[in-house]
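Using the working numbering, the first residue of the sequence shown is number 5, and each one after it goes up by one.
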Amino acid sequence: MTDETANWLVIVTREALEGVASPPDASEKRLLEYVDTFGQVATYKLEHGRAGKEETIWVQMEDVAEWRSARPGL
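In structure tokens:
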């Protein structure tokens with residue numbers, strides 16, 4: 005991902021891949037299917053000052069759940 009100041013490495017954990025939809029799946033197919041969702045979660049973390057050091061954003065299942073709860077109707 006890129007914002008106005010940096011290029012960000014986004015790392016999606018296995019748990020986030022498995023938990024984003026049913027049935028649990030940590031495949032490349034799941035990653036590609038939900039790449040927009042994970043990008044939105046990463047942006048949400050960046051906007052809330054929760055990005056990691058060295059331009060890295062970790063997307064964990066808890067982040068996906070928090071992002072969804074902040075957007076009713078999803």
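Note that beta-carbon positions come from the ideal geometry of N, C-alpha and C, so glycine has one too.
Neighbourhood of residue i by C-beta, 8 angstroms cutoff - its chain only, sequence neighbours within 5 removed
i	result
Lys33	none
Start-to-end residues for the alpha helix (DSSP H) that takes in residue i
i	result
Trp71	Met65 to Ser73
Cross-strand partners of residue i (DSSP beta bridge)
i	result
Trp12	Answer by DSSP bridge pairing: none, since Trp12 is not bridged.
Thr47	According to DSSP, which records beta bridges pairwise, Thr47 is partnered with nothing at all.
7 angstroms Cβ shell around residue i - same chain, five flanking residues per side excluded
i	result
Val68	Ala20, Gly23, Val24 and Val45
Val39	none
Residue j beta carbon less than 9 angstroms from that of residue i
i	j	result
Asn11	Glu51	no
Tyr48	Glu66	no
Met5	Gly56	no
Thr17	Trp62	yes
Sequence-distant residues of its chain with Cβ nearer than 6 angstroms to residue i (five each side left out)
i	result
Pro28	Glu22
Next item on the list: Would you list, in sequence order, the uninterrupted alpha helix (DSSP H) runs of no fewer than 4 residues that lie entirely inside the region 18-42?
Entry: Restricting attention to alpha helix (DSSP H) runs no shorter than 4 residues, the region 18-42 encloses them at 18-23 and 32-37, ordered along the chain.
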